[in-house]
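Accompanying notes for the structure given below.
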Amino acid sequence: MTTKKIIMSGMRPTGQMHLGHLSVLENWARLQKEYHCYYSIVDWHALTTSFDDTEEIRENIRQMAIDWLSVGIDPDVSDIFVQSAVKEHAELHLLFSMIIPVSWLERVPTYKDQIRQFGSQGKDISTYGFLGYPLLQAADVLVYRADTVPVGEDQVPHIELTREVARRFNHMFRTDIMPEPKALLAKIKMLPGTDNRKMSKSYNNYISLSSGPAQVLEKVQQMITDPARIKKNDPGHPDICTVYAYHGFYNQEEKEEIAASCKAGTVGCFACKRRLAERIDQRLAPILAKRAELENNPNLIKDILAQGEKNAAAAAAETLVLVREAMRI
Ligand code: SF4
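Just so we're aligned: 236 in this note's numbering is position 254 of the sequence shown, and the numbers increase by one with no gaps anywhere.
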């Protein structure tokens, strides 16, 4: 039994992972030193919005596992697993669904927004599964009796719901088995998309973690720069330039010099973009090397997930024994 505090977090396998995910994963890798971490590829959550498009889900799961391992999630210290392989998540979700009022789920701020957003794209996600996904998230966390959940600001209402679910369960069944997990707010600066909009798969404005130098350069060349710069010696405004924003993430050492050269009109956008692409390549090189190693060893991925599933299932089964006992079922 671990004496470390417990973290549970997950990601939906809905497509390629990109630079916007890198700082989240690097944060996860740091947290492994202090916490026992359950990191789950939450495929059931992917179904809440992609229920009619499952053709690529297995490959997305495999790619996500490779990305996590390539970035430094260590299977010797953390349990990496696929959510649907640990059925206790579903059992706890079902049991919670008996005691949680529908109105609690309807008032989750993202619920109506997302129904509207998908509706404007012609897709109806007003399903039972979508309404219940914050409750499934609560089960994902509480099935490990996790005390900490690393989240971005937008996920805080979901953790608040998880805390309410834990309180209601404990109160209703006169027990204290459910902890009230705390949100660990990650201080992660958002990287814009290559077109300066929010980075999003639907805009295709991202650089994937599996990009080689040619793909990186292609994406960097598409980036929006200062539109006032027509000629190389026109003075530029780096603060409104996407390329410069990326230099801030991947080229801290040269950032000041680039800003000064841009303002003075002594560096051209083409050269500036090349320098950025080189820096991104340097950052991605160890990730790509590890990815190549893993791609050549598919059984290793299967073994890592199987071991993570075994460990996660053992911990989850212990919780379910306590839950059934508390509920007298
Ligand atoms: Fe942007 Fe660099 Fe061009 Fe300045 S020189 S506008 S920072 S790409």
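We put the beta carbon where it would ideally sit given N, CA and C, even for glycine.
Just the Cα atoms here: how many angstroms apart are E162 and T92? 21 Å
Is the region 246 to 265 touching the region 205 to 215, taking contact as three or more C-beta pairs under 8 Å? yes
Taking 7 Å as the limit between beta carbons, can you name the residues of its chain near L276, skipping five residues before and five after? I48, L51, S52, L282, I283
Can you say whether N186 is buried or exposed, counting buried as having 16 or more other CB atoms within 10 angstroms of its CB? exposed
What's the C-alpha gap between T130 and F151? Between T130 and F151, the C-alpha separation is close to 18 Å.
Determine contact between the region 14 to 29 and the region 61 to 71, defined as no fewer than three beta-carbon pairs at a distance below 8 Å. yes
What does DSSP give as the partner residues of T130 in its beta bridges? I(-11), K164
Do F100 and T157 have their C-beta atoms closer together than 9 Å? no
Within 9 Å, strictly: CB atoms of A165 and V138: yes
Coil, strand or helix - Y110 by DSSP: helix
Contact check, M181 vs R127, beta carbons under 9 Å: no
Nearest-angstrom beta carbon gap, L199 and H229 [assumed within contact, 8 Å]: Their Cβ separation, rounded to whole angstroms, is 15 Å, which puts H229 and L199 out of contact at 8 Å.
Have a look at the DSSP bridge pairing and note the partners of Y20. By DSSP's assignment, Y20 forms a beta bridge with M(-10), D61.
Please classify Y110 as buried or exposed, where buried requires at least 16 other C-beta atoms within 10 Å of its C-beta. In the assembly as shown, Y110 is an exposed residue. Its beta-carbon has fewer than 16 other beta-carbons within 10 Å.
Residues of its chain near A294, where Cβ-Cβ distance is below 7 Å and the 5 sequence neighbours each way are ignored: Y20, D61, F63, V68
My guess is that I55 and L7 are in contact by the Cβ rule of under 8 Å, so how many angstroms apart are they, rounded? Right, their Cβ atoms sit about 7 Å apart.
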